[in-house]
Amino acid sequence: MAFSALRANVLRSLLTMLGIVIGVAAVIAMIALGNGAQQSVKDRIARLGTTILQIDAIPIRQAGVALATRRRMSLIDSRTIEERSPHVLAVEPQQDRNFPIVWGSHNTNMTVLGVTPNFLQVRGFEIDRGRMFDSGENLGMQRVVVFGYGALEALGISSPDAIVGQLVRIGGVQFRVIGTLKEKGAGGGESRDDQVIVPFYTGRFRLFKTDWVDDIFALATSDADLPTATTEIQLAVRRAHRLRSDQPDDFRIRNQADFLEALNSTTAVFTSLLAGIAAVSLLVGGIGIMNIMLVSVTERTREIGVRKALGATKRNILVQFLTEAVALCLAGGAIGVAAGVGGAIVMRDAFGWSTAIGGSSIALAFLFASSVGLVFGVWPARRAAALDPIEALRHE
């Protein structure tokens, strides 16, 4: 009888379900979008390397205010870390600064890194064309350079083959391009491709002209060894800086896991916010169902009176109207699931957004739709069940 009543008013039933359809579809699509963003962040951080530790100086503070000046890191720190950190596979000191880069009629400003030959191992980059410079070229201060993926785009170079072997000018000094790097992506809020790398000693004496290093990168033996490696590095650098036990660190140690945790928290809040906004439409849809069911009770007062006069109990009437409400919600939920999954696929294929459709989000949305039917169908159903049969039969 419940389904017969719904079929008797097909258009009204479809319009009533529309709120649930939109709500379920919105919840699934928004959660898929949030989960996709979270997975994209995880993949990007993983590509950058979760076992990489970055050691750099911290600003000097006076009266609680951070000044522009910083304490300095040096090659002594790098060597001390290498000697005193058993859980560190490799250490790579780095100098960096922006320089103008000129190739033919093209020019741009780009970050130039002075790095050691183990840069690829420590930082997780890969050569795309050509080769990496070796220890001999580093110690011999050879003027060779390896281009990052973003540097090619900045100079308008369509193919890496067009630049390998060519001469470029960096800060007025001529270098020969011996290789290019594969695309790495962004991490820690900045692109890792917008850079060119030169041998450490070449950069130190020909470009940067300073003995200080800007950052030291260390590669831990494994994810599990990160805390141990961090402690070893901290003790090694404190020893190199000759800090007393009562003095605070004048450096900081960061890793990609820190970025991952922060970004995960951000994307989790973002996903919850999107899902919460979408859930409002489910609430509106539930109110719409309650409204229509109340109208239906009023319209069918005489029917209810006849059924009660023929022996229908309050429970029979209650179950009938609850069944109608839940059926509307379940049907709307099923259509909404299909629409939400389709919407997530469209966002991925048409707009290139990262989406991840999870079974848990579909189950949650469907369960929520069923709950909406029960919650918002109870009052109309109880009102129908409580009608007095005599008064119902007299109703015009």
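Those letters in the sequence shown? Residues 11 to 406, by our numbering.
Cβ coordinates follow ideal geometry from the N, Cα and C atoms, glycine included.
*Helix, strand or coil: which one does DSSP assign to residue 365?*
Here residue 365 is taken as the residue at index 355 of the sequence shown, counted from 1. Residue 365: coil per DSSP, three-state reduction.
*asked:* According to DSSP, is residue 143 part of a helix, a strand, or is it coil?
replied: Along the sequence shown, one-based indexing puts residue 143 at 133. In the three-state reduction of the DSSP assignment, residue 143 falls in the coil class, being assigned neither a helical nor a strand state.
*Taking just the CA atoms, how far does residue 264 sit from residue 238?*
Within the sequence shown, the letter at position 228 stands for residue 238. Within the sequence shown, the letter at position 254 stands for residue 264. Per the coordinates, the alpha-carbon of residue 238 lies some 14 Å from the alpha-carbon of residue 264.
*Specify the secondary structure class of residue 30 as computed by DSSP and reduced to three states.*
As a working note, residue 30 is residue 20 in the sequence shown. For residue 30, the three-state secondary structure derived from DSSP is helix.
*When DSSP builds the beta bridges, which residues end up paired with residue 98?*
As a first step, residue 98 is located in the sequence shown; it is residue number 88 there, counting from the start. DSSP, once it has assigned bridges, lists 230 as partnering residue 98.
*Span of the beta strand (DSSP E), counted from its first residue to its last, around residue 65*: Residue 65 sits at position 55 when you count from the first residue of the sequence shown. Secondary structure note for residue 65: its beta strand (DSSP E) is the uninterrupted segment 62 to 67.
*Taking residue 209 as part of the beta strand (DSSP E), name the residues at either end of that continuous run.*
The residue given as residue 209 occupies position 199 in the sequence shown. Going by DSSP, residue 209 is part of the beta strand (DSSP E) stretching over 205 to 209.
*Leaving aside the five residues before and after residue 181 along the sequence, list all residues of the same chain whose C-beta is less than 7 Å from its C-beta, in chain order.*
Locating residue 181 in the sequence shown gives position 171, counting from the first residue. Contacts found: 109, 110 and 217.
*Relative to the alpha-carbon of residue 347, which residue among 27, 23 and 19 has its alpha-carbon at the smallest distance?*
Locating residue 347 in the sequence shown gives position 337, counting from the first residue. Cα-wise, what sits closest to residue 347 is 27.
*Is it the case that the Cβ atoms of residue 106 and residue 261 are separated by a distance below 8 Å?*
The residue labelled residue 106 in the question sits at position 96 within the sequence shown. The residue labelled residue 261 in the question sits at position 251 within the sequence shown. Residue 261 sits away from residue 106, with the two beta carbons spaced by 8 Å or more.
*What residue from 235, 155 and 146 has the CA that sits closest to residue 175's CA?*
The count along the sequence shown starts at 1 and reaches residue 175 at position 165. In terms of Cα proximity to residue 175, the closest of 235, 155 and 146 is 155.
*Test: residue 205 CB closer than 8 Å to a CB of chain B*: Absent from the structure is chain B; it holds one protein chain and no more.
*List the whole-angstrom C-beta distance separating residue 30 from residue 382, where the pair is believed to meet the contact cut-off of C-beta under 8 Å.*
Position 20 of the sequence shown, counted from the first residue, corresponds to residue 30. Position 372 of the sequence shown, counted from the first residue, corresponds to residue 382. So it is a contact: roughly 7 Å between Cβ atoms.
*Determine the closest residue to residue 47 out of 276, 300, 349 and 319, with distance taken between C-alpha atoms.*
Along the sequence shown, one-based indexing puts residue 47 at 37. In terms of Cα proximity to residue 47, the closest of 276, 300, 349 and 319 is 276.
*Nearest to residue 338 by CA position, among 301, 372, 327 and 367, is which residue?*
In the sequence shown, the residue the question calls residue 338 occupies position 328. Among 301, 372, 327 and 367, the Cα nearest to that of residue 338 belongs to 301.
*asked:* I need the DSSP call for residue 265, collapsed to helix, strand or coil.
replied: Along the sequence shown, read from residue 1 onward, the residue named residue 265 stands at position 255. Residue 265 carries a strand assignment under DSSP once its states are collapsed to helix, strand and coil.
*Mind checking residue 219: buried by the 16 CB within 10 Å criterion, or exposed?*
As a first step, residue 219 is located in the sequence shown; it is residue number 209 there, counting from the start. That one is exposed.
_Reduced DSSP secondary structure (H/G/I, E/B, other) of residue 191_ = The sequence position of residue 191 within the sequence shown is 181, counting from 1. Three-state DSSP puts residue 191 in a strand.
_Quick test of the definition: if touching needs 3 or more C-beta pairs under 8 Å, does the segment 291 to 300 touch the segment 29 to 43?_
A contact exists between the segment 291 to 300 and the segment 29 to 43.
*Can you name the start and end residues of the alpha helix (DSSP H) that residue 236 belongs to?*
The count along the sequence shown starts at 1 and reaches residue 236 at position 226. Its alpha helix (DSSP H) spans residues 236 to 250.
*Return the CA-CA distance between residue 259 and residue 43, expressed in angstroms with no decimal places.*
Walking along the sequence shown from the start, residue 259 turns up at place 249. Walking along the sequence shown from the start, residue 43 turns up at place 33. If I take the Cα positions, the gap works out to 41 Å.
*Do the segment 93 to 106 and the segment 203 to 214 meet, that is, are 3 or more Cβ pairs less than 8 Å apart?*
These segments touch.
*Name the two residues that bound the continuous beta strand (DSSP E) containing residue 156.*
For the purposes of this step, residue 156 is identified with residue 146 of the sequence shown, where counting begins at 1. Unbroken beta strand (DSSP E) run through residue 156: 154 to 157.
*For the candidate residues 14, 13, 39 and 33, whose alpha-carbon lies nearest to that of residue 358?*
Along the sequence shown, one-based indexing puts residue 358 at 348. When C-alpha distances from residue 358 are compared across 14, 13, 39 and 33, the shortest belongs to 39.
*asked:* Could you tell me the alpha carbon to alpha carbon distance between residue 341 and residue 189, rounded to whole angstroms?
replied: One-based indexing of the sequence shown puts residue 341 at position 331. One-based indexing of the sequence shown puts residue 189 at position 179. Looking at the backbone, the Cα of residue 341 and that of residue 189 are separated by about 60 Å.
*Quick one, which of 380, 173, 371 and 343 has its alpha-carbon nearest residue 139's?*
Here residue 139 refers to the residue found at position 129 of the sequence shown. Per the Cα distances, 173.
*Spell out the partners DSSP gives residue 222 in its beta bridges.*
Numbered from 1 along the sequence shown, position 212 holds the residue referred to as residue 222. Residue 222 has no beta-bridge partner at all, per DSSP.
*If we count Cβ pairs, one from each stretch, closer than 8 Å, do we get three or more for the segment 146 to 155 versus the segment 81 to 94?*
At 8 Å Cβ cutoff, the stretches do not touch.
*Just to confirm, are residue 230 and residue 101 a CB contact at a threshold of 8 Å?*
Your numbering for residue 230 matches position 220 in the sequence shown. Your numbering for residue 101 matches position 91 in the sequence shown. Not a contact, by the Cβ cut-off of 8 Å.
*What number of angstroms, rounded off, separates the C-alpha of residue 257 from the C-alpha of residue 244?*
Numbered from 1 along the sequence shown, position 247 holds the residue referred to as residue 257. Numbered from 1 along the sequence shown, position 234 holds the residue referred to as residue 244. The alpha-carbon separation between residue 257 and residue 244 amounts to approximately 13 Å.
*Give every residue of the same chain whose Cβ lies closer than 7 Å to the Cβ of residue 125, excluding the five residues on either side of it in the sequence, and list them in chain order.*
Position 115 of the sequence shown, counted from the first residue, corresponds to residue 125. Apart from the 5 residues on each side of it in sequence, residue 125 sits with its Cβ closer than 7 Å to the Cβ of 102, 104, 207 and 210 in its chain, given in chain order.
*Leaving out five residues before and five after residue 87 in sequence, what residues of the same chain have Cβ atoms less than 7 Å from its Cβ?*
Start at 1 with the first residue of the sequence shown, and residue 87 comes out as number 77. Taken in chain order, the residues that qualify are 226, 247 and 250.
_Per-residue burial, residue 45 [other beta carbons within 10 Å of its own, 16 or more giving buried]_ = Here residue 45 is taken as the residue at index 35 of the sequence shown, counted from 1. Around the C-beta of residue 45, 16 or more other C-beta atoms lie within 10 Å, and the residue is accordingly described as buried.
*asked:* Using a Cβ-Cβ cutoff of less than 8 Å, which residues in the same chain neighbour residue 253 once the five nearest sequence positions on both sides are dropped?
replied: Locating residue 253 in the sequence shown gives position 243, where the first residue counts as 1. Setting aside the 5 residues that flank it on each side, residue 253 is surrounded in the same chain by 259 and 260, each with a C-beta closer than 8 Å to its C-beta; the list follows chain order.
_Range covered by the alpha helix (DSSP H) that runs through residue 133_ = Numbered from 1 along the sequence shown, position 123 holds the residue referred to as residue 133. That run of the alpha helix (DSSP H) goes 129 to 133.
*On the DSSP bridge assignment, give the partners of residue 350 in chain order.*
The residue you call residue 350 lines up with position 340 of the sequence shown. Per DSSP, none; premise fails for residue 350.
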